[in-house]
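When we follow this note's numbering, the leftmost residue of the sequence shown carries the number 1091, and every step to the right adds one.
Below you'll find the structure, written out as structure tokens, and then a few comments.
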Amino acid sequence: MIDSHLHGIEQAPEGYGDFSELSRIVSCVAKPDEWDRQMQIDDPRMIKCYGVHPWFGEEWTVESKSRLYNILKDDPDAHVGEIGLDSKRGGKILFQTMVMIQQLDLAEYFGRVVSIHDVGCEKMVLDSLKGRKLKAILHSYGSDSYVKPYSEMECYFSVSPRLLSRSDIRVQRLMEAIPEDRLLLETDSPVCGKDFKGMRDFAERLGSIIGKPADDLIATAEENLRRLFP
């Protein structure tokens, strides 16, 4: 099993019963004072991403930009995230967009994967990715309307347990839209959603709604993450 988006500097919740069974995890941080903490984690399963989250855009400075540049230069296995746009929190969208674009520029320059947070800004994120040679994880993805244009780029759709709070019809519609070879499963641990019991339980609940075995969903997500991070 894999988890394509969590916050590894935070302890996994007690409800994450199969955390130790995960083979690979993608860990993101939200602001510069978390970068050192993540660097110190010794977990061979962890794919480490560094960035400034849209909620903390004021912490993107000349110094933090230079530091992220050096992290990516010095560590070929480091990636970028969690970055993005949020229409509900985080200040003016134009400022958020500037912060995101500068981080996208670094990811593209070094050829790294980006993990993107997007709340109500799908069109702006899409436009910011167009024309770039980038691979992206769209974290906690939820908009079936934008699957097609995103899938025409190298974007992967990472769904989280929060999706299960929607009606079955909406879940089915989204999952039918996502190409099988772009599907990822995440928890956003430690914020895992209501009634979370673990990755397998999430896959079983999701599978029961869309009519697919949990093992198939887990295997698909594993293969897709392996292709994204060889």
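Ideal placement from N, C-alpha and C gives every residue a C-beta, glycine not left out.
- Note that the C-beta distance between E1100 and P1303 is not below 9 Å.
- At the C-beta level, P1251 and K1284 come within 9 Å of one another.
- Around F1109, the same chain offers A1102 as residues with beta carbons nearer than 6 Å, after the five sequence neighbours per side are excluded.
- Between the alpha carbons of I1191 and R1316 lies a distance of about 26 Å.
- For the pair L1162 and A1168, the Cα-to-Cα distance works out to about 6 Å.
- F1286 sits in coil when the DSSP states are folded into three classes, being neither helix nor strand.
- If you ignore the 5 residues before and after G1174, its C-beta comes within less than 7 Å of the C-beta of P1144, M1190, I1206, H1207, D1208, V1215, all in its own chain and listed in chain order.
- Per the coordinates, the alpha-carbon of V1204 lies some 18 Å from the alpha-carbon of G1232.
- In the DSSP annotation of this structure, the continuous segment of the alpha helix (DSSP H) that includes K1163 starts and ends at 1152–1164.
- If you look at V1237, you'll find it in the alpha helix (DSSP H) that goes 1237–1241.
- With contacts defined as CB atoms closer than 9 Å, L1219 and C1245 qualify as a contacting pair.
- DSSP, reduced to helix, strand and coil, places R1114 within a strand of the structure shown.
- Look at S1250 here: in three-state DSSP terms it is coil, with no helix or strand label.
- Taking 9 Å as the cut-off, the Cβ atoms of E1149 and K1121 count as close.
- With distances taken between CA atoms, M1243 lies nearest to L1228 out of R1256, L1228, V1170, L1254.
- For V1261, the CB contacts under 8 Å within the same chain, skipping 5 residues up- and downstream, are L1253, L1254, L1296, I1299, I1300 in chain order.
- Residue pairing for S1205: DSSP places it in a beta bridge opposite I1227.
- With contacts defined by Cβ atoms closer than 9 Å, W1125 and V1119 form a contacting pair.
- Shown here, G1180 sits in coil according to DSSP, grouped into three states, outside any helix or strand.
- Here the alpha carbons of M1188 and K1182 stand approximately 10 Å from one another.
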